[in-house]
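Chemist: I'd like to ask you about the structure that follows.
Residue numbers (the working numbering), protein chains in the order written: chain C, 1 to 456; chain B, 457 to 830.
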């Protein structure tokens with residue numbers, strides 16, 4: 001029985017282990033940092049503003065938000081016109097080792113947290129922070145057919161273990177990209193969709209096999225227990241019978257074969273497969289699947305192929321031609337991460353139909369729009385400017401702000417940690433001298449996990 | 457006097473016609489005289505005037521500013537946003553369709569990129585939609601002297617100048633192992649010789665009648681070009697000088713302007729710092745676009761990136777309009793909202809350096825060439 005128990009643990013271990021190391025507050029040994037931020041406008045979340053409010057931060061967390069707060073004794077007081085949550089780049093490679101970011105041979109089991117580059121120029125880190133981008137989704141192999149498990153990482157002036165907010169915030173994949181030897185053959189592209197759908201189905205089957213195994217194992221245990229009880233009860237008779245059988249066999253010069261019971265056949269677990277382990281979590285809706293896909297044909301094919309996975313949480317990245325399937329995206333509540341960059345020509349084939357108005361049109365069609373910097377190194381710093389460009393081309397300010405805060409956090413499963421200024425959330429916030437996203441607005445202070453990292 | 461409605465109709469027609477082929481010709485017979493009253497007008501020096509009027513007559517600006525008298529009977533368009541001069545992008549390859557270089561000879565000083573232009577190309581419509589009304593078209597810096605630049609409008613097919621600058625390339629792109637010159641030293645010797653006994657475009661440059669566009673890339677190329685300009689008394693501008701701010705004294709001494717950008721998202725902060733330093737030293741600035749490799753909106757994005765990093769917004773706006781026009785040598789035609797200049801202007805929903813603002817309408821030579829129906 002002991003052996004059995006350990007076997008179960010072995011098989012389930014990687015699943016149960018779940019989230020990778022997350023921020024566990026390796027706070028500096030200084031006096032507990034208490035910050036009291038007062039502002040004319042406190043953006044609790046997009047559309048919810050407190051006039052003349054304040055935010056109280058203690059030990060890296062927001063402990064109070066409201067109008068009638070009083071600064072506690074010894075608190076560091078800061079003030080500004082506007083305070084809002086730090087921005088999240090939903091499609092970045094900042095702080096990721098370049099080779100891993102562009103790796104084309106990743107698999108779902110590849111972990112982005114293993115590819116974080118601690119040696120990024122500190123000046124660059126401060127530039128990104130200074131622009132208000134306090135966290136980013138990073139993904140090893142984000143343009144690979146099968147990317148790895150993505151991480152939601154907080155930008156810190158000094159990288160450390162507490163930077164990782166969520167080590168498994170999604171799994172990345174891509175279909176129909178034309179780079180690194182991947183051609184622009186339409187059948188190849190659709191084949192990539194089929195492979196991806198197949199990989200989700202494999203994950204689902206793997207999950208079923210594991211569940212079946214759990215049930216079988218339970219049944220087997222039960223049967224064994226019953227049998228043992230029965231044997232115990234009839235122990236003497238059974239012993240006699242066996243001795244008799246053994247004797248008879250000896251007399252007849254035959255080999256004694258103990259009677260086989262069906263209960264002796266212990267069920268075996270499905271063969272462990274690291275990639276299927278991850279895809280099982282994707283199929284089960286535990287991890288969102290972020291697929292970079294652009295053309296209408298691939299989008300349609302992907303939507304069709306994934307319809308049967310009712311727990312799958314699909315997210316589209318890029319989506320140059322996503323307007324062609326906007327109704328279905330809205331209906332199935334599939335967010336699109338748009339990269340609103342003014343791309344010239346010639347540009348990668350899949351971006352041929354990309355334009356700055358995409359975010360606004362998708363929003364108007366009822367699709368949740370997130371914003372990112374396309375995984376371009378260092379571009380996270382310019383996310384607020386790109387978001388402003390998207391606003392200039394039709395995205396509402398409210399959705400642009402939601403895309404950079406609440407919606408990004410919710411989609412990537414860190415909605416309970418960051419994205420809004422609510423009691424209990426991590427203190428990642430910006431103090432600005434004007435409305436967020438207006439180009440004339442300056443960010444005067446940036447607070448990351450309760451630490452004042454930009455401004456004085 | 458033609459009625460407002462009629463004028464608007466022709467304007468709309470012109471905008472529709474503009475899309476596929478030639479953008480609207482300047483003299484399309486629309487209302488000859490009209491006025492635009494804007495909630496705010498941004499002047500070339502960065503000053504903002506409220507409730508200002510732009511009076512247009514025959515495709516030219518007759519008056520601009522606050523308190524401009526509109527003669528009786530002149531139709532007035534109201535704009536509840538910002539009115540500015542059209543922007544100018546001072547470097548790019550729009551409409552050249554690859555006709556930017558000839559690698560058989562390294563000195564082609566008499567070549568004119570204007571002769572290779574397709575003025576109906578969609579590149580121009582792309583720039584127009586971003587609020588850019590004038591472009592400097594440049595030969596690629598693959599030759600020592602690849603020819604002269606052209607200045608064109610993005611609508612109407614107007615070539616403002618078919619020889620705006622003599623382009624000289626100090627980049628290593630102009631140096632080939634199989635063609636003279638093969639080294640920086642050889643390149644300088646060749647150019648020194650051409651300027652010692654100048655003829656053609658070189659003579660124009662030496663005489664100060666033709667500014668020089670110095671194509672550079674690295675910091676040492678920038679320094680070399682600036683010192684070369686000082687030595688020969690050449691005027692003009694540097695382009696591609698990513699770190700010009702680090703060799704500021706050489707640049708200042710040369711008196712050259714600097715065409716900066718385009719800056720892609722993620723451009724290292726050091727390059728932007730360089731622009732801020734140039735601005736602080738009052739070096740004349742302009743912005744390049746390098747279309748079609750860049751989309752028209754990259755021009756404003758580049759300027760906004762510099763402003764975010766500390767460039768005075770007024771200087772950035774000058775670089776996008778009057779300063780750019782001066783560097784392109786067409787400052788007396790476009791780039792300012794001033795009486796006598798071409799009526800090339802943009803109606804914005806808000807301040808143009810705020811990227812959340814959008815282009816509402818664009819007018820070139822007084823005719824509406826981009827924008828919807830009112």
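For glycine and all other residues, C-beta sits at the position ideal for the given N, C-alpha and C.
Could you tell me the alpha carbon to alpha carbon distance between residue 39(C) and residue 453(C), rounded to whole angstroms?
Modeler: 18 Å
Chemist: For residue 546(B), does the three-state DSSP call read helix, strand or coil?
Modeler: coil
Chemist: Output, in sequence order along the chain, the residues in the region 97-115 of chain C whose CB is closer than 9 Å to any CB in chain B.
Modeler: Under the 9 Å Cβ criterion, the region 97-115 of chain C contributes no residue.
Chemist: Hey, does residue 764(B) have any beta-carbon neighbour from chain C nearer than 8 Å?
Modeler: yes
Chemist: Against residue 267(C), what residues of chain B qualify as contacts under a CB-to-CB distance less than 7 Å, listed in chain order?
Modeler: The premise fails here: residue 267(C) is roughly 54 Å from chain B at the closest Cβ pair, so nothing lies under 7 Å.
Chemist: Looking at the unbroken beta strand (DSSP E) that takes in residue 87(C), where does it start and where does it end?
Modeler: 87-92
Chemist: Please list the terminal residues of the continuous beta strand (DSSP E) segment that includes residue 636(B).
Modeler: No beta strand (DSSP E) holds residue 636(B); DSSP gives it neither H nor E.
Chemist: Within 10 Å of its beta-carbon, does residue 813(B) have 16 or more other beta-carbons around it, so buried, or fewer, so exposed?
Modeler: buried
Chemist: How about residue 730(B): is its C-beta nearer than 8 Å to some C-beta of chain C?
Modeler: With 8 Å as the cut-off, residue 730(B) does not count as an interface residue toward chain C.
Chemist: Tell me the DSSP secondary structure of residue 783(B) in three-state form.
Modeler: helix
Chemist: Grouping DSSP H, G and I as helix and E and B as strand, with all else coil, what is residue 230(C)?
Modeler: Helix.
Chemist: Using 8 Å as the threshold, is the region 756-767 of chain B in touch with the region 784-800 of chain B, meaning 3 or more CB pairs across them?
Modeler: no
Chemist: Interface residues of chain C around residue 813(B) at Cβ under 8 Å?
Modeler: 392
Chemist: Please identify, using Cβ separations under 9 Å, the residues of the region 743-768 of chain B that lie next to chain C, in order along the chain.
Modeler: 745, 746, 747, 748, 749, 750, 751, 752, 753, 754, 755, 756, 757, 760, 761, 763, 764 and 765
Chemist: State buried or exposed for residue 128(C), treating a residue as buried only when at least 16 other CB atoms are found within 10 Å of its CB.
Modeler: buried
Chemist: If you draw a straight line from the C-alpha of residue 60(C) to the C-alpha of residue 34(C), how long is it?
Modeler: 8 Å
Chemist: Mind listing the chain B neighbours of residue 377(C)? Cutoff is C-beta to C-beta under 9 Å, in chain order.
Modeler: Ordered by position in chain B, the residues that pass the 9 Å Cβ test against residue 377(C) are 722.
Chemist: With a threshold of 8 Å between beta-carbons, can residue 46(C) be considered close to chain B, or not?
Modeler: no
Chemist: Alpha carbon to alpha carbon, how far is residue 66(C) from residue 498(B)?
Modeler: 40 Å
Chemist: Could you tell me whether the Cβ of residue 725(B) comes closer than 8 Å to any Cβ of chain C?
Modeler: yes
Chemist: Could you tell me if residue 560(B) is buried or exposed, where buried requires 16 or more neighbouring beta carbons within 10 angstroms of its beta carbon?
Modeler: exposed
Chemist: Along the chain, where does the alpha helix (DSSP H) containing residue 301(C) start, and where does it finish?
Modeler: 296-306
Chemist: List the residues of chain B whose Cβ lies closer than 8 Å to the Cβ of residue 373(C), in chain order.
Modeler: 721 and 722
Chemist: From the beta carbon of residue 382(C), is the nearest beta carbon of chain B less than 8 Å away?
Modeler: yes
Chemist: Which residues in the same chain as residue 344(C) place their Cβ atom closer than 7 Å to its Cβ, once the five residues preceding and following it in sequence are excluded?
Modeler: none
Chemist: For chain C, check one thing: does any of its Cβ atoms lie closer than 8 Å to the Cβ of residue 810(B)?
Modeler: yes
Chemist: By the criterion of Cβ-Cβ separation under 8 Å, what are the contact partners of residue 438(C) in chain B?
Modeler: 810 and 812
Chemist: So is residue 230(C) buried or exposed if we call it buried at 16+ other beta carbons inside 10 Å?
Modeler: exposed
Chemist: Please give the ranges of any alpha helix (DSSP H) in the region 191-254 of chain C, keeping only runs that are unbroken, at least 4 residues long and fully inside the region.
Modeler: 235-251
Chemist: Strictly below 7 Å CB to CB, what residues from chain B border residue 127(C)?
Modeler: 725
Chemist: Name, please, each residue of chain B whose Cβ falls closer than 9 Å to the Cβ of residue 386(C).
Modeler: 721, 757 and 811
Chemist: Does the Cβ-Cβ distance between residue 390(C) and residue 338(C) come in under 8 Å?
Modeler: yes
Chemist: Assuming residue 174(C) is part of the beta strand (DSSP E), what are its boundary residues?
Modeler: Per DSSP, the unbroken beta strand (DSSP E) holding residue 174(C) starts and ends at 164-174.
Chemist: What residue does the beta strand (DSSP E) around residue 687(B) start on, and which one ends it?
Modeler: That residue, residue 687(B), is in no beta strand (DSSP E); its alpha helix (DSSP H) goes 675-688.
Chemist: Can you give me the start and stop residues for the alpha helix (DSSP H) that residue 127(C) sits inside?
Modeler: 122-130
Chemist: Quick one, are the C-beta atoms of residue 544(B) and residue 556(B) less than 8 Å apart?
Modeler: no
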